[in-house]
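Participant: If you read the protein sequences in the order shown, they are chains A and B. Note that our numbering has the first sequence beginning at 1, numbered continuously upward. Note that our numbering has the second sequence beginning at 1, numbered continuously upward. Yeah, the Cβ is synthetic: ideal placement off N, Cα and C, and Gly gets one too. Remember, predicted model here, so these are calculated numbers, not experimental data. Take a look at this one; I'll ask things after.
2 protein chains.
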Amino acid sequence: MKVTIKDIARLAEVSTATVSKVVNGKDQKISSATRERVMRIIEEVGYVPNRIASSMVTKRTKTIGLIIPDIANPFFPELARGVEDLANKEGYTLILCNSDNNLEKEDAYIDMLQEKMVDGIIFTASSSRTEVSSALNKVRIPVITVDRDIDGLKSQKQIVVNNEEGAFDAVSHMIECGYKKILHISGPMTSKPAQQRYSGYLRALESHKIKPDTNHLISGTYTGEWGFNAVQELITKDIKFDGIFCGNDLIALGALKALHSNNIDVPHKVGLVGYDDIYMAQMVSPELTTVKQPNYEMGYQAAEMLVSMIHGEEPKINFEALKTRVVVRGTTCTKK
Amino acid sequence: MKVTIKDIARLAEVSTATVSKVVNGKDQKISSATRERVMRIIEEVGYVPNRIASSMVTKRTKTIGLIIPDIANPFFPELARGVEDLANKEGYTLILCNSDNNLEKEDAYIDMLQEKMVDGIIFTASSSRTEVSSALNKVRIPVITVDRDIDGLKSQKQIVVNNEEGAFDAVSHMIECGYKKILHISGPMTSKPAQQRYSGYLRALESHKIKPDTNHLISGTYTGEWGFNAVQELITKDIKFDGIFCGNDLIALGALKALHSNNIDVPHKVGLVGYDDIYMAQMVSPELTTVKQPNYEMGYQAAEMLVSMIHGEEPKINFEALKTRVVVRGTTCTKK
DNA sequence: GTGAAAGCGCTAACAC
DNA sequence: GTGTTAGCGCTTTCAC
């Protein structure tokens, strides 16, 4: 039989109220004699407070939910880690949900998290979500969206990165290196970041007076396989290019592999730039030039914002667009 | 104000017991007229059942905890994904905890998970854990250890892979390719898997009558940086080798990078084998020969086992050692 | 088929 | 400083 606060109270010959106070550190008014006695008993019998029961009365579970497409996608572990670190620091616990970019799964998780009475939700909407669902709309707890904003989500708080600018900087860098025919292998164009990176790419070309190629945009999925296949096809179809700006690092790594297997010299014949700066970007050779996304920070700051909302503080900022940075490594310049 | 089961009962002019039954599908004995009325009201007012309150009485939270060293380490996302998939399928929710290989953090999480009344825990012990802590010992809910077993954990159920055999197979493969001086760059030798892989490595050499080099074992951490540095040092110190068996893929990828930057031809001059078969192993060129760890399956099966224990079924097996498989790719053979 | 009522383990207001 | 007590929202037994 589980030992409860009543057992401790009985054994220590105090009331449950007293035990509750010492367990929760609200023991300024408890004499140190009783405090110590209570603590000794707790230790002796191995009492574990039931936070579920506390939650019943406090209306706080000290739990937050994180909904992402897929933790196995290298973009998300760091984000998740950032969230968990802040959560842990603030005494919160993290429920992890993988939506697989599936709207129904997303909605099911949103409902479930609310049933479990989480105090708030951090949410990376799937790339296919274009508008607010009814599940999302009836949420009455704080929600922060990360990386991808959702049109029409009322009183929305969000953490995003400046994708347009990041892409602009990356492509400008490529142009300055001297690459002339730069294509863009992107992720699914339904996703906001993909759209934004694409506009940044276009703006960079424009501002350098370069007219984009007819076939400049090749859109697919955010995977290494896609990057590999896209480049293979380019080569098969004999489409010319001397630079590729990729929608993310996975695509770029796949592209790099395809370039290598076709004996195309990177960076001398073709320049290659990714996006995200995942761990692996530095583990290939040549190392991948990419746009550093502050993934960990996004998670951490989102959690920070969420916790402050949970505590009832209106966050100073509703919208934080974190800065990206082009990290020049071995797949660009050294040039030509 | 939150709407509760009482509100629904009042609005539908039934008792809370009836509402409870329809919400939980125990409505065989409820007339379809009332059932539908109740469901309509629930829908109309947007009632969300409070599972915390149910948990109070059912003593079930339908939540499991997962403690791993670090979700940002590429080994764990797949494992976590496997756990979450099974959990979700069975109606469980996953709490994610990163221990950073820190025993205190681990113990704190163990306590916390119990306070939150999770129904069970899946646990990858940190590489520094050599014995059962008191926190771990007073756990009264099902625990499954994954990947790393813990000496002395009573009534332990575990999922591990056969590390010794995996290493044996990998090194045998290298020998058969013709590599003669094969070194082992390992992770921390305090960790069980590291020890087991090392014995597999030794056994393979022995069984092929090869005497290990004086400097054959170079142990460090499970990171790409370590692999890179280890190889650099080997080269600086002018230690000869024509094969490296690495403790994991990260180390191998780092090693590959160092080999490339020193213009050492892989696989013709040096053969290289990793361990784990992380996603990135196929994204480098040449693609990495490695030992496939069924990470996803480990997570999935661990969760399966855990759920069956939660349901009170003694699992048929207490100990499941999953098979590994050598995946021959571009960093070995093609030989010499 | 449906409802009344007890109680899960805890906190917080208030009394003493 | 410490105790009494009324719930928190739900499930479940048992009676009708």
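Mind checking B:Gln-28: buried by the 16 CB within 10 Å criterion, or exposed?
Facilitator: When all chains shown are included, B:Gln-28 counts as exposed.
Participant: Go ahead and pull the three-state DSSP assignment for B:Val-23.
Facilitator: Reduced to three states, the DSSP call for B:Val-23 is helix.
Participant: Between the C-alpha atoms of A:Lys-336 and A:His-268, what's the straight-line distance to the nearest angstrom?
Facilitator: At A:Lys-336 the pLDDT is 47, less than 50, meaning the model places this residue with poor confidence; the figure from the coordinates comes in the next sentence. If I take the Cα positions, the gap works out to 5 angstroms.
Participant: Give the DSSP-derived three-state secondary structure of B:Lys-105 in the structure shown.
Facilitator: Correct three-state label for B:Lys-105: helix.
Participant: With a 10 Å radius around its C-beta and 16 neighbouring C-beta atoms as the bar for buried, classify B:Phe-123 as buried or exposed.
Facilitator: B:Phe-123 comes out buried.
Participant: Compute the Euclidean distance between the alpha carbons of B:Asn-215 and A:Leu-79, then round it to the nearest angstrom.
Facilitator: Approximately 39 angstroms between the Cα atoms of the pair.
Participant: At 3 residues or longer, what runs of the beta strand (DSSP E) sit wholly inside the stretch 194-275 of chain A?
Facilitator: Correct list: 217-219, 243-246, 271-273.
Participant: Bridge partners of B:Thr-63, per DSSP?
Facilitator: In the DSSP output, where bridge partners are listed per residue, B:Thr-63 has B:Thr-93.
Participant: Checking the sheet assignment: what are the DSSP bridge partners for B:Thr-290?
Facilitator: BP columns for B:Thr-290 point to B:Val-327.
Participant: Name, please, each residue of chain B whose Cβ falls closer than 7 angstroms to the Cβ of A:Ile-95.
Facilitator: Ordered by position in chain B, the residues that pass the 7 angstroms Cβ test against A:Ile-95 are Thr-93, Leu-94, Ile-95.
Participant: Can you find a CB in chain A that lies within less than 8 angstroms of the CB of B:Asn-98?
Facilitator: Yes, its Cβ sits closer than 8 angstroms to a Cβ of chain A.
Participant: So, does the CB of B:Lys-336 fall closer than 8 angstroms to a CB anywhere in chain A?
Facilitator: Confidence is the limiting factor: at B:Lys-336 the pLDDT is only 47, short of 50, which leaves the residue's position unreliable and the question unanswerable from this model.
Participant: Have a look at B:Ile-239, B:Ile-68, B:Ser-128, B:Asn-101 and flag the residue whose alpha-carbon is nearest the alpha-carbon of B:Ile-121.
Facilitator: Taking only the C-alpha atoms, the option nearest B:Ile-121 is B:Ile-68.
Participant: With a threshold of 8 angstroms, are at least 3 pairs of Cβ atoms found where one atom belongs to the stretch 32-51 of chain B and the other to the stretch 73-90 of chain B?
Facilitator: Counting Cβ pairs under 8 angstroms, fewer than three are found: no touch.
Participant: Please list the terminal residues of the continuous alpha helix (DSSP H) segment that includes A:Glu-43.
Facilitator: Where A:Glu-43 is concerned, the enclosing alpha helix (DSSP H) stretches over 32-45.
Participant: For chain B, is any of its Cβ atoms less than 8 angstroms away from the one on A:Ser-4?
Facilitator: Reading off the sequence, residue 4 of chain A comes out as Thr, not Ser. Answer no: the Cβ-Cβ gap between A:Thr-4 and chain B never drops below 8 angstroms.
Participant: Check the Cβ-Cβ distances between B:His-268 and every residue of chain A, and say whether any is below 8 angstroms.
Facilitator: It does not; no Cβ of chain A falls within 8 angstroms.
Participant: So what's B:Glu-320 in DSSP terms, helix, strand or just coil?
Facilitator: B:Glu-320: strand per DSSP, three-state reduction.
Participant: What's the gap between the Cα of B:Ala-321 and the Cα of A:Ala-204?
Facilitator: Near 54 angstroms, if we compare the C-alpha coordinates of A:Ala-204 and B:Ala-321.
Participant: Quick one: what's got a C-beta closer than 7 angstroms to A:Cys-177's C-beta in the same chain, skipping five residues either side?
Facilitator: Gly-271, Thr-332, Cys-333, Lys-335, listed in sequence order.
Participant: So that I know if they touch, is there some Cβ in chain B lying closer than 8 angstroms to that of A:Thr-58?
Facilitator: Judged by the 8 angstroms Cβ criterion, A:Thr-58 is not in contact with chain B.
Participant: Please determine, among A:Val-328, A:Lys-209, A:Thr-190, A:Glu-90, the residue with the shortest C-alpha to C-alpha distance to A:Asp-151.
Facilitator: Per the Cα distances, A:Thr-190.
Participant: Which of the three DSSP states is assigned to B:Thr-16 in this structure?
Facilitator: It is helical.
Participant: Ignore the nearest five residues each way along the sequence and tell me which others in B:Glu-84's own chain have a CB closer than 7 angstroms to its CB.
Facilitator: Cβ neighbours of B:Glu-84 beyond the five flanking positions: Leu-94.
Participant: Between the stretch 283-303 of chain B and the stretch 161-177 of chain B, are three or more C-beta pairs nearer than 8 angstroms?
Facilitator: Cβ pair count under 8 angstroms is three or more, so yes.
Participant: Of all Cβ atoms in chain A, is any one closer than 8 angstroms to the Cβ of B:Ala-53?
Facilitator: So yes, B:Ala-53 belongs to the interface.
Participant: What residue range does the alpha helix (DSSP H) around A:Phe-123 cover?
Facilitator: That residue, A:Phe-123, is in no alpha helix (DSSP H); its beta strand (DSSP E) goes 120-123.
Participant: In chain B, which residues lie less than 7 angstroms from A:Ser-285 when you measure between Cβ atoms?
Facilitator: What A:Ser-285 touches in chain B: Lys-257, His-260, Ser-261.
Participant: Measuring CB to CB, does B:Val-298 end up less than 8 angstroms from B:Ile-144?
Facilitator: In the sequence on display, residue 298 of chain B carries Met and not Val. Contact: no.
Participant: Any residues in the stretch 33-53 of chain B with a beta carbon nearer than 9 angstroms to a beta carbon of chain A? Which ones, in chain order?
Facilitator: Cβ contacts with chain A: Gly-46, Val-48, Pro-49, Asn-50, Arg-51, Ile-52, Ala-53.
Participant: Among all the DSSP beta bridges, which residues are the ones paired with A:His-184?
Facilitator: According to DSSP, A:His-184 bridges with A:Leu-217, A:Phe-245.
Participant: Roughly how many whole angstroms lie between the Cα atoms of B:Asp-107 and A:Ile-42?
Facilitator: Approximately 17 angstroms between the Cα atoms of the pair.
Participant: Thinking C-alpha only, which one of A:His-208, A:Ile-278, A:Asp-238, A:Gln-282 is nearest A:Asn-262?
Facilitator: That would be A:Asp-238, whose Cα lies nearest to the Cα of A:Asn-262.
Participant: Relative to the alpha-carbon of B:Ala-119, which residue among B:Ile-244, B:Phe-319, B:Lys-323, B:Val-307 has its alpha-carbon at the smallest distance?
Facilitator: Note that residue 119 of chain B corresponds to Asp in the displayed sequence, not to Ala. The shortest Cα separation from B:Asp-119 among B:Ile-244, B:Phe-319, B:Lys-323, B:Val-307 belongs to B:Val-307.
Participant: Helix, strand or coil: which one does DSSP assign to A:Ile-310?
Facilitator: Three-state result, A:Ile-310: helix.
Participant: Please report the distance separating the alpha-carbon of A:Ile-235 from that of A:Lys-181.
Facilitator: Looking at the two C-alpha atoms, the distance is approximately 14 angstroms.
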